[in-house]
Amino acid sequence: MLFQPAIIALLLASAVCVAAMAVAAPFALEVIRRWDSASGSERQLVLERRTYLFSTLIAFVLWTQFAALLLFVFNADKMSVMFVGAMCAVGTLNVNAYGFPALFAQMLVFFLAAGWLAINYVDNRAPDYPLVRIKYVLLLGLLPLLAASFALQLRYFLGLKADVITSCCGSLFSGDAKTVAGEASAIAPLPAMALLYGTVAFAVVAAGRQAIGKRGGYLTAASGVAALVAGIVGVLSFVSLYVYEHPHHHCPFCVLKPDYGFQGYGLYLPLFAATAAAIGAGAVQPFAQVASLREVAPSVSARLAAVAAAGFTLFALVGTFMVLHSNLILVER
Amino acid sequence: MIELNGVRKAFHHGMTNEFWALHGIDLRIEAKRVTALCGPSGSGKTTLLTIVGCIARPTQGRVRFKERDISGLPERFLTGIRRKSFGFVFQKFNLIRGMSALDNVMLPAYPTGEPRRTLHGRAERILEQLKLAHRRHAHVEWLSGGEQQRVAIGRALINDPEVVIADEPTANLDSALSLEFMGILESLVGEGRTVLLSSHDPLVVDSALVHRVVNMRDGRIL
Chain A
4 MLFQPAIIAL LLASAVCVAA MAVAAPFALE VIRRWDSASG SERQLVLERR TYLFSTLIAF
64 VLWTQFAALL LFVFNADKMS VMFVGAMCAV GTLNVNAYGF PALFAQMLVF FLAAGWLAIN
124 YVDNRAPDYP LVRIKYVLLL GLLPLLAASF ALQLRYFLGL KADVITSCCG SLFSGDAKTV
184 AGEASAIAPL PAMALLYGTV AFAVVAAGRQ AIGKRGGYLT AASGVAALVA GIVGVLSFVS
244 LYVYEHPHHH CPFCVLKPDY GFQGYGLYLP LFAATAAAIG AGAVQPFAQV ASLREVAPSV
304 SARLAAVAAA GFTLFALVGT FMVLHSNLIL VER
Chain B
2 MIELNGVRKA FHHGMTNEFW ALHGIDLRIE AKRVTALCGP SGSGKTTLLT IVGCIARPTQ
62 GRVRFKERDI SGLPERFLTG IRRKSFGFVF QKFNLIRGMS ALDNVMLPAY PTGEPRRTLH
122 GRAERILEQL KLAHRRHAHV EWLSGGEQQR VAIGRALIND PEVVIADEPT ANLDSALSLE
182 FMGILESLVG EGRTVLLSSH DPLVVDSALV HRVVNMRDGR IL
């Protein structure tokens with residue numbers, strides 16, 4: 004099972020990421036302990052030269068994690084034909100106990116990497132390395148998470164056995180299931196619509212306001228995370244039903260299948276990209292007071308907020324389009 | 002204007018063939034003056050010029066330009082300073098063969114994104130000032146040594162730098178051409194530019210145009 008091209012690619016991407024971080028860790032420690040921009044010592048000059056190299060390396064491996072999340076989900080769906088009982092990605096992820104934790108870890112890596120990349124981007128635009136210590140401290144914080152994500156993926160992929168009879172989305176995302184997903188699926192369409200459109204509208208307004216006024220990064224980030232949660236709840240409780248044109252099929256993964264024209268990617272890509280941009284906008288915000296970043300940080304944060312606003316708007320439009328073009332009637336007009 | 006503090010430079014640092022070209026240089030270069038670094042071959046003049054001109058980085062020590070540390074700048078910022086604030090005339094000119102004098106002069110300004118028409122006009126004016134307008138379309142390999150040097154000076158001036166750095170500017174010239182160079186030097190100072198050059202040519206270092214001579218030997222200022 005391990006010798007699937009996508010699995011090899013995912014494990015390689017994850018392993019390379021952990022290896023790069025592990026290589027960068029001693030350097031990060033040296034920066035944290037010994038960085039002194041006032042000094043012209045040989046060590047300081049070496050640190051200045053190398054920080055660019057290391058941050059470029061780390062930025063590259065973290066960017067690969069964005070693609071890895073997409074591939075992970077795509078691969079989970081694609082492999083569902085190999086397991087008895089699996090109809091979509093849920094079945095594949097349920098083959099052993101590590102599937103969903105691996106997915107959640109990958110998602111967490113995705114969003115935290117977005118924050119780190121935003122900080123790194125801003126730091127590279129100042130002439131005096133103002134965030135160098137902060138970004139390497141954060142990098143050391145990311146290392147255990149990346150290692151955990153790699154370990155979970157490895158355990159998950161090593162534990163994929165074709166003779167396992169797995170359970171699929173019908174049991175996990177049923178309104179009767181006593182799980183968080185089940186509870187979310189059980190929300191009635193109207194309150195779920197109100198929650199989704201209200202939260203997404205708030206996130207768009209907050210991000211749009213920041214994009215214009217260059218202030219309010221924390222609100223953009225918080226409302227962005229809220230919009231992600233509301234968006235997923237909305238997909239579980241009503242958007243998916245309209246896509247499948249079935250009043251009891253709540254699965255958030257089947258929408259990714261070719262049977263439904265891969266429509267789910269149209270929903271999730273803008274939602275996740277917008278949330279990542281919103282987190283980036285918030286991550287950059289605290290540094291607007293740093294002397295050399297007074298112009299750069301608000302400007303980058305505002306641009307990220309604009310991306311977030313556009314992404315959430317697109318998500319809402321795509322979701323609305325799916326609802327309006329469905330033959331299912333959940334809410335009487 | 003330019004201040005060097007404890008600048009040291011090693012080549013092949015940490016390797017068996019490690020060589021220290023500069024040993025703790027402390028130097029202050031005044032604005033709108035001509036400063037000449039004088040010393041025998043191997044004294045570290047060229048290395049020092051490349052460090053001041055942001056072409057090389059020191060192994061140790063700091064270089065400040067207009068009160069701003071430039072030795073630790075990330076490359077993206079250093080490129081801008083190198084392009085806009087410093088004009089470099091190399092000892093062997095380093096012109097691009099197969100290209101005309103005019104194109105060679107214009108080349109360093111291409112990354113600035115200036116409109117070609119503006120750039121072209123400025124390059125023409127510079128070549129005219131350097132009495133080389135009639136040779137502007139000639140390939141640089143067809144030019145004489147003196148003409149090539151003037152093209153190199155023109156190229157150094159295209160981005161209107163505050164500082165012109167010239168490495169052994171008269172090393173490949175006869176006396177008449179060297180005097181011609183001194184005339185150009187005078188006009189550069191007259192335009193308010195700071196000139197830093199290296200030379201061991203008495204015609205240059207003994208000239209009244211040179212405000213200060215810094216003697217060097219074995220990577221140290223004497």
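Protein chains in written order, with the numbering used here: chain A, 4 to 336; chain B, 2 to 223. Glycine included, each C-beta is placed from N, C-alpha and C at the ideal position.
Among the residues of the segment 44 to 59 of chain A, those with a Cβ less than 8 Å away from any Cβ of chain B are Ser44, Glu45, Gln47, Leu48, Glu51, Arg52, Tyr55, in the order of the chain. A direct Cα-Cα distance of roughly 11 Å separates Leu143 (chain A) from Ile61 (chain A). Taken through DSSP and simplified to helix, strand or coil, Gln61 (chain B) comes out as strand. Contact between the segment 11 to 28 of chain B and the segment 76 to 92 of chain B is absent: fewer than 3 CB-CB pairs across the two stretches fall below 8 Å.
Look at Ile166 (chain B) here: in three-state DSSP terms it is strand. The DSSP assignment places complete alpha helix (DSSP H) segments of no fewer than 4 residues inside the segment 103 to 154 of chain B at 117 to 130, in order along the chain. Proximity to Leu56 (chain A) across A:Leu327, A:Met24, A:Ala41 peaks at A:Met24, based on C-alpha coordinates. The beta carbon of Arg65 (chain B) lies closer than 6 Å to those of Glu4 in the same chain, with the five residues before and after it left out.
Runs of the beta strand (DSSP E) lying entirely within the segment 157 to 203 of chain A and spanning at least 3 residues: none are present. Close partners of Gln61 (chain B) in chain A (Cβ separation under 8 Å): Gly43, Ser44, Glu45, Leu48. Listed in chain order, the alpha helix (DSSP H) runs fully inside the segment 202 to 249 of chain A are 220 to 237, 243 to 247, counting runs of at least 4 residues. For the pair Thr202 (chain A) and Gln213 (chain A), the CB atoms are not nearer than the 8 Å cut-off.
Against chain B, a Cβ distance below 8 Å from Ser302 (chain A) picks out nothing, because the smallest value is about 16 Å.
Exposure of Asn18 (chain B) is indicated by the presence of fewer than 16 other C-beta atoms within 10 angstroms of its C-beta. Contact annotation for Ser40 (chain A) against chain B: Asp70, Gly73 [CB-CB distance below 9 Å, chain order]. The DSSP-derived three-state label of Glu4 (chain B) is strand.
Bounds of any beta strand (DSSP E) do not take in Gly267 (chain A); it lies within the alpha helix (DSSP H) bounded by 266 to 287. From the beta-carbon of Asn127 (chain A), the residues of chain B found nearer than 8 Å are Pro75, Arg77. Using a CB distance cut-off of 8 Å, Pro130 (chain A) counts as an interface residue toward chain B. Around the Cβ of Glu298 (chain A), a 10 Å sphere holds fewer than 16 other Cβ atoms; the residue is exposed. Shown here, Cys91 (chain A) sits in coil according to DSSP, grouped into three states, outside any helix or strand. Around the CB of Leu180 (chain B), fewer than 16 other CB atoms lie within 10 Å, so the residue is classed as exposed. In chain order, Gly43 make up the part of chain A whose C-beta sits under 9 Å from the C-beta of Asn6 (chain B). The three-state secondary structure of Asp27 (chain B), taken from DSSP, is strand.
Closer than 7 Å at the C-beta level to chain A, one finds no residue of the segment 8 to 37 of chain B. Distance from the CA of Ala167 (chain B) to the CA of Gly43 (chain B), rounded to the nearest whole angstrom, comes to 17 Å. Assigned with DSSP and collapsed to three states, Asp175 (chain B) falls in coil, not helix or strand. Taking 8 Å as the cut-off, the Cβ atoms of Ala281 (chain A) and Phe318 (chain A) do not count as close. Taking a contact to require three or more Cβ pairs closer than 8 Å, the segment 9 to 29 of chain A and the segment 64 to 79 of chain A qualify as touching. Within the segment 27 to 56 of chain A, no beta strand (DSSP E) run of at least 3 residues lies entirely inside it. Setting aside the 5 residues that flank it on each side, Leu144 (chain B) is surrounded in the same chain by Ala102, Arg136, Val152, each with a C-beta closer than 7 Å to its C-beta; the list follows chain order.
At a cut-off of 8 Å between C-beta atoms, Arg58 (chain B) counts as an interface residue with respect to chain A. Per DSSP, the beta bridge partners of Val214 (chain B) are B:Ala37. Nearest neighbour of Ile35 (chain A) by Cα position, chosen from A:Gly314, A:Leu333, A:Tyr139, turns out to be A:Tyr139. Fewer than three Cβ pairs drawn from the segment 128 to 139 of chain A and the segment 155 to 168 of chain A lie within less than 8 Å of each other, which leaves the two stretches out of contact.
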